[in-house]
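Here it is as structure tokens:
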């Protein structure tokens with residue numbers, strides 16, 4: 042009883058909400074040194090403005106900062122140092138006020154654990170009584186006057202229409218905000234007076250962000266919309282001019298996208314897409330997703346300290362690796378640094394090891410319990426391009442194969458970490474290696490080669506004649522040993538080639554893939570082949586946000602394309618299977634997201 046009474050105390054509930062909110066904040070890139078931020082003394086151009094905003098901790102995303110610069114800059118395109126100082130002060134005050142909102146325990150009980158009030162109006166008259174209108178990341182509600190109470194106005198995902206109208210008062214009319222909620226006949230009207238235009242902007246942006254997040258199954262859109270709203274609020278607070286609303290509207294990114302360039306998600310994509318995550322969260326700009334690896338967990342009924350959650354490992358540009366909990370898709374580790382070169386391949390081994398090959402020729406071995414690199418293998422002399430074990434042995438295999446772009450293949454003892462055997466394959470560029478029934482298969486730029494156990498080539502499949510005359514090369518291969526078949530793809534060809542593994546010189550079938558400009562990666566999942574494709578380039582090489590790159594799902598028996606999935610606005614770099622239940626796709630930096638797809 043005492044515990045229940047304690048939990049009802051408003052100050053304890055506020056503390057619980059604050060702690061949970063802090064714990065759920067996304068991890069950001071940490072610096073190894075402390076920077077002392079000094080407010081600028083002179084006018085800032087765009088580049089200087091970006092640096093100042095990042096250093097003072099307001100926001101890191103460069104695209105958002107560019108929009109903020111447009112909102113605050115005058116003619117010439119510079120931000121006055123006094124205006125920057127005022128904006129920074131208003132931002133910090135707004136942040137402090139949001140953390141200091143005092144809500145009655147009955148009101149806190151109506152909100153989700155992670156919900157916080159980010160904006161509170163002055164006391165106003167509404168169609169549902171007198172009170173203060175409050176905005177959280179999820180909804181609008183009225184904090185009623187007198188005995189404070191909770192009246193929900195609407196959740197952002199339930200809004201049907203928002204508009205500015207005029208409401209009658211004793212001596213005339215005042216601006217009012219009107220909100221129509223889906224499934225509710227009566228309008229909500231708030232006489233916000235001079236605050237009306239600002240609230241109109243804020244509500245529309247949160248509504249648009251919620252719609253985008255739901256359509257794309259990407260919660261980061263909602264987080265970004267909230268950031269935009271807080272920046273708009275601070276911009277209006279510091280500008281205090283007739284044009285402040287017009288300036289703040291430049292930050293309403295999602296509302297602009299919604300009306301000018303809506304991104305329609307096809308029904309098949311929406312049905313198959315489970316979730317999207319952003320591994321570049323907290324970084325200044327999106328990074329390319331280069332490699333994905335899923336490592337299974339070891340869950341038990343007891344709360345043992347040895348219990349391990351399944352993990353998703355994401356290799357980004359510049360040797361950065363981030364790790365997600367694959368049960369909740371929350372970020373666990375935001376920066377494991379594997380040298381300065383790009384990670385090219387990853388492989389899970391036993392319960393506590395992940396091997397990572399790098400462009401710098403090193404194989405890094407990560408201890409998954411300490412999340413640190415405790416060993417490096419340096420026997421390769423060129424870029425490591427592939428790691429493999431025999432699927433029959435699973436992750437407990439003692440034999441590990443690695444390959445490098447110069448054609449070197451090493452066979453390792455995974456316990457002693459000694460090289461047992463070394464082969465050399467003469468080829469254009471060795472891209473990857475996979476093991477089937479104890480036999481290595483190598484994908485090279487100019488051929489696919491099956492090796493004997495002594496490392497000499499047993500079969501070699503070369504590029505089709507028509508592709509040899511072009512600057513073309515194999516990019517990926519899937520071997521189906523039980524059917525004596527293999528699939529090959531080329532990064533600059535729209536055709537998937539099917540071959541007999543008996544060494545035939547020509548593909549037995551060519552499958553033309555729709556709406557692609559090339560094939561970048563392939564994996565087998567159950568009785569399906571999932572194919573990652575290059576999208577059509579947008580004008581000038583810049584991404585315009587349209588969904589251009591496809592993941593195609595093919596039936597292995599009929600060879601028919603079952604699904605065309607669109608969730609990325611840049612080329613798909615990598616595919617990864619999660620226990621044949623989900624497939625994950627990762628894309629290049631103009632998109633930089635990971636999409637999680639359901640397998641049927």
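Numbering (the working numbering), first residue to last: 42 to 641.
Glycine residues also receive a C-beta, built at the ideal position from the N, C-alpha and C atoms.
Of the residues 349, 380 and 485, the one whose Cα lies closest to the Cα of residue 365 is 349. Taking one beta carbon from each stretch, the region 116–132 and the region 158–168 have fewer than 3 pairs nearer than 8 Å; the two do not touch.
Between the beta-carbon of residue 398 and that of residue 378 there is about 15 Å, and that puts the pair past the 8 Å contact cut. Leaving aside the five residues that flank residue 166 on each side, the residues in its chain whose CB is nearer than 7 Å to its CB run, in chain order, 232. When DSSP states are grouped into helix, strand and coil, residue 174 belongs to the strand group. In the three-state DSSP reduction, residue 456 falls in the coil class, being neither helix nor strand.
Take residue 285, set aside five residues on each side of it, and the residues of its chain with a beta-carbon closer than 6 Å to its own are 277, in chain order. Remark: C-beta atoms of residue 534 and residue 559 approach each other more closely than 9 Å. Residue 112 is a Cβ neighbour of residue 289, given a cutoff of 9 Å. If you draw a straight line from the Cα of residue 193 to the Cα of residue 243, it comes to about 17 Å. Closest by C-alpha distance to residue 121, out of 134, 82, 138 and 143, is 82.
According to the DSSP assignment, residue 129 belongs to the alpha helix (DSSP H) that extends over 122–140.
Under the criterion of beta carbons closer than 8 Å, residue 572 and residue 529 do not qualify as touching, at roughly 11 Å.
Under DSSP, residue 390 shares a beta bridge with 394.
Look at residue 349 here: in three-state DSSP terms it is strand. CA-to-CA, the gap between residue 539 and residue 636 works out to about 27 Å.
Under a 10 Å Cβ-count criterion, residue 229 is classified as buried, with 16 or more other Cβ atoms of the shown protein chains found around its own Cβ. In its chain, beyond the 5 residues on either side, 525, 526 and 549 have a beta carbon closer than 7 Å to the beta carbon of residue 541. Excluding the 5 residues flanking it on each side, residue 291 has same chain C-beta neighbours closer than 7 Å at 108, 111 and 112, in chain order.
Residue 522 and residue 477 have their alpha carbons spaced roughly 7 Å apart. In terms of CA proximity to residue 504, 514 leads the group 371, 514, 374 and 148. Per DSSP, reduced to three states, the secondary structure at residue 222 is strand. Following the DSSP letters along the chain, one finds residue 331 inside the beta strand (DSSP E) bounded by residues 330–336. Straight through space, the alpha carbons of residue 355 and residue 481 are spaced by roughly 26 Å.
Following the DSSP letters along the chain, one finds residue 593 inside the beta strand (DSSP E) bounded by residues 590–596. In the pairwise beta carbon analysis, the region 141–152 is classified as touching the region 178–192: at least three pairs are separated by under 8 Å. Residue 370 holds the alpha-carbon nearest to the alpha-carbon of residue 260 among 272, 370, 237 and 613. Taking residue 517 as reference, the option from 495, 547, 496 and 484 with the minimal CA-CA separation is 484.
Contact between the region 419–438 and the region 390–408 is present: 3 or more CB-CB pairs across the two stretches fall below 8 Å. By the Cβ neighbour-count rule, residue 79 is exposed, with fewer than 16 other Cβ atoms within 10 Å of its own. Distance check between residue 448 and each of 352, 472, 310 and 197 places 472 closest, using alpha-carbon atoms only. For residue 468, the three-state secondary structure derived from DSSP is coil. About 20 Å separates the Cβ atoms of residue 383 and residue 413, ruling out a contact at the 8 Å cut-off.
In the three-state DSSP reduction, residue 79 falls in the coil class, being neither helix nor strand. When the five nearest sequence neighbours on each side are left out, the beta carbons in the same chain lying within less than 7 Å of the beta carbon of residue 475 are those of 429, 482 and 520, in order along the chain. Residue 223 counts as exposed, since fewer than 16 other C-beta atoms from the protein chains shown sit within 10 angstroms of its C-beta.
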